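If you number the sequence shown the way this note's numbering does, the last residue is 237 and the count never jumps.
By construction, the Cβ of each residue, glycine as well, lies at the ideal position given by its N, Cα and C atoms.
Remember, predicted model here, so these are calculated numbers, not experimental data.
This report refers to the structure that appears directly beneath it.
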Amino acid sequence: MEHLPLYVYVVFIATTLLGLGVLYKAINYSKAIIAVLIWLALQAVLSLTGFYTNTSTLPPRFGLLLIPPVIFIIIMFLTKRGRTAIDTFDVKTLILLHIVRIPVELTLYWLFGHKAVPGIMTFEGRNFDILCGLTAPVIYYFGYVKNVFGKKVLIAWNIICLLLLANIAVTAVLSAPYPSQKFGFEQPNIALFYFPFVWLPCFLVPGVLFAHLVTLRRLIISK
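What follows is the structure in structure tokens.
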């Protein structure tokens with residue numbers, strides 16, 4: 015991957031730290047955040063050694079970024095202890111977590127300009143995830159501060175945003191230079207193999223996924 019301007023790194027690292035801080039507040043300043051910090055540090059070390067740039071292994075090493083957080087989320091929702099913890103989280107703050115999707119999409123656009131991801135992964139292609147970040151403050155204010163939006167509107171917003179998240183996640187995986195690649199052959203997705211951009215699939219994507227699922231659970235079970 016060619017050398018990138020410093021601001022790309024600075025913006026993305028700041029975005030990750032912002033997401034970490036908002037999540038920490040949303041989970042009521044739980045010590046569980048230490049596990050997240052260890053996870054981020056581990057992935058930083060692995061990516062700096064070039065571990066993820068080897069695309070010839072089976073199964074693909076990229077799965078180590080995505081699968082563990084997804085398994086953790088599943089465990090949280092399937093266990094009584096996990097659900098008990100989830101039901102104490104601050105949903106209002108979790109809504110604000112989605113604002114990180116704005117600088118994430120800007121970062122992807124910059125990476126596209128430096129031939130590190132395909133155009134299909136940006137808002138000029140088929141990635142409309144930035145809309146979730148742009149509407150998150152509206153949902154927060156009118157849904158949870160002013161209580162103008164009803165439950166149906168909030169549920170619909172979360173489901174639509176989940177679909178948009180799934181769209182870019184699948185596109186990113188299928189744009190990576192693996193045998194399963196379907197998109198971006200002229201400019202494959204390689205940026206997510208490098209630090210700090212590995213934090214996107216290993217933390218930011220699972221983080222917003224988790225936020226949506228927690229919010230939906232609370233909306234569905236509330237009277």
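In this structure, I109 and G147 do not form a Cβ contact; the two beta carbons are roughly 11 Å apart against a cut-off of 8 Å.
Scanning its chain for C-beta atoms nearer than 8 Å, with the 5 sequence neighbours on each side dropped, one finds around I89 the residues G96, in chain order. Taking a C-beta distance under 8 Å as the contact criterion, L111 and V222 qualify as a contact pair.
Excluding its 5 nearest sequence neighbours in each direction, G139 has C-beta neighbours in its own chain below 6 Å: G133, listed in chain order.
In this structure, DSSP gives H17 a state outside helix and strand, which the three-state scheme calls coil. Annotation: H112 is outside any alpha helix (DSSP H) and is labelled neither H nor E by DSSP.
Annotation: the continuous alpha helix (DSSP H) that includes R231 extends over 219 to 235. Taking 4 residues as the shortest admissible run, the region 94 to 158 contains the following complete alpha helix (DSSP H) segments, listed from N- to C-terminal end: 94 to 100, 105 to 111, 115 to 127, 144 to 153. Counting only the Cα atoms, Y21 lies some 27 Å from N181.
The beta carbon of F91 lies closer than 8 Å to those of R97, I100, L227, R231 in the same chain, with the five residues before and after it left out. Closest in alpha carbon position to F224, among G127, F103, N203, is F103.
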